[in-house]
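Down below is the structure, laid out as structure tokens.
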Amino acid sequence: MVKWLICLMFLLLTGCFETGERIAHPSITPAEIPVSINIPSAELPAAKTIVLGFSQLGSESTWRAANTNSIKAAALEAGITLIMKNAQQSQQNQVEAIRSFIESKVDVIAIAPVVQTGWDDILQEAKQAGIPVIILDRAVNVKDHSLYVTCIGSDFFEEGVKAAKYMLDKMRNYSGRIKIAELQGTIGSTPSIDRGRGFRKMIKGQKAFEITLTQSADFTTAGGYKVMREFLSLSDDEWPQVLFSHNDDMAIGAVKAIEEAGLKPGTDIIIISVDGTRRAFEQMIAGNINAVVECNPLLGPLLMQATQEIMSGRTLPKRMVPPEDIFPQELAAMEVGNRTY
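For the sequence shown, our numbering assigns the number 321 to the last residue and increments by one with no breaks.
Right under this line is the structure:
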């Protein structure tokens, strides 16, 4: 009897040990183990959507429309929330827009400034609010350059240099005095100031070349037409042999005025423009414009990249310039298909 009880106890103990082993080493994989709803999830929180407040200076030209579209498309692709306000060529409207961005506590502010000066106070407000600022397309003239992180845009001075170099080569066999008419952009704007400076630097000391007519046409086609008509209303001995237009829209307006005066644009008056829009390339193919200096409006991807890098804590260069070229009319037919604006 005693032996039988001892055997029974041994069998029961052995069974307990086998059951414990099976619990300690289950046959199912860890992924299959059900998780209690009381255990908090180990997933990381979703990244915060970046909010970018952008003050666009206006919608004065084909170039500006392409610039705006590039920024909208790039923001959408990057997943950045874009709050854009059109200033309609008014610095006061831009100041008010920037203040609204500060009040809304956006993550980054971008500004395409209508003019160079008058930005110190509002940029100081953004800095005090802890909101980084990107200057886009045009530059600002401020005492403290720490008020903005970076400036993304073209080298307008170099664009003026390229235009003048083309003219000097094009007119090298022309005998006599060469009178130049200049259609300037918005008064006080960076492109207008720097394109004019670059152009003048190249013709300085060239005794045969002289800018005899210069006036602002505000970067618009209507302005270019109006001002060129005024130039051609002068006596014909004052008519220019060359027209340097600070953008394509003004040049296209000038083409119409030249034709109405009974002259042939591109032949009687050599025309050099800046921007590189499809319409200007079509005018080159038609023989009306002789050369176009490229000014790339497709700054959206660079702006979004800079915004993301700022939010990631990276350091950016103070100046970011896109690649650009000059196109004489001989290349227009080959290049026009590549124009996206």
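Ideal Cβ placement from N, Cα and C applies to all residues, glycine included. All of these numbers come straight from a predicted model, not from anything done at the bench.
For T97, the closest of S169, T48, V88 by C-alpha to C-alpha distance is S169. Following the DSSP letters along the chain, one finds T170 inside the alpha helix (DSSP H) bounded by residues 170 to 183.
Judged by DSSP in its simplified three-state form, S80 adopts helix.
Cβ neighbours of P297 within its own chain (closer than 7 Å, five residues either side excluded): T130. Residues S35, Q36, L37, G38, N73, Q74, A77, V94 of the same chain have their beta carbon placed closer than 8 Å to that of A67, with the five preceding and five following residues left out of the count. A161 sits close to F211, with the two beta carbons spaced by under 8 Å. Every unbroken stretch of the alpha helix (DSSP H) spanning 4 or more residues and falling wholly within the stretch 34 to 105 is given here in chain order: 42 to 58, 71 to 84.
Cβ atoms of D228 and T200 stay farther apart than 8 Å, at about 11 Å. Ranked by Cα distance from Y146, the options F224, E218, Q195, T257 are led by F224. Going by beta carbons, I91 and I111 fall outside the 8 Å limit.
Shown here for V122: same chain residues with a beta carbon closer than 7 Å to its own, the five before and five after excluded, namely W99, D100, L103 in chain order. Note that the C-beta distance between I30 and T295 is not below 8 Å.
It is roughly 19 Å from the alpha-carbon of H125 to the alpha-carbon of P171. Between D216 and G242, the alpha-carbon positions lie close to 12 Å from each other. Bounds of any alpha helix (DSSP H) do not take in I191; it lies within the beta strand (DSSP E) bounded by 189 to 196.
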